[in-house]
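Residue numbers (this note's numbering): 1143 to 1185.
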């Protein structure tokens, strides 16, 4: 996953999870990836 917010956007849309993933990715890439994976896989 190169762009964690994109994966969250494609799975969940532009909601709260997308903005959390975008913020975490801006702060540090690895937490953004971890959150995106957790969000997409936790169905």
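Backbone N, C-alpha and C fix where the C-beta goes; we use that ideal spot for every residue, glycine too.
Residue 1144 sits exposed, since fewer than 16 C-beta atoms from the chains shown fall within 10 Å of its C-beta. Look at residue 1183 here: in three-state DSSP terms it is helix. About 5 Å separates the Cβ atoms of residue 1166 and residue 1177, confirming a contact at the 8 Å cut-off. For residue 1169, the enclosing alpha helix (DSSP H) stretches over residues 1158-1169.
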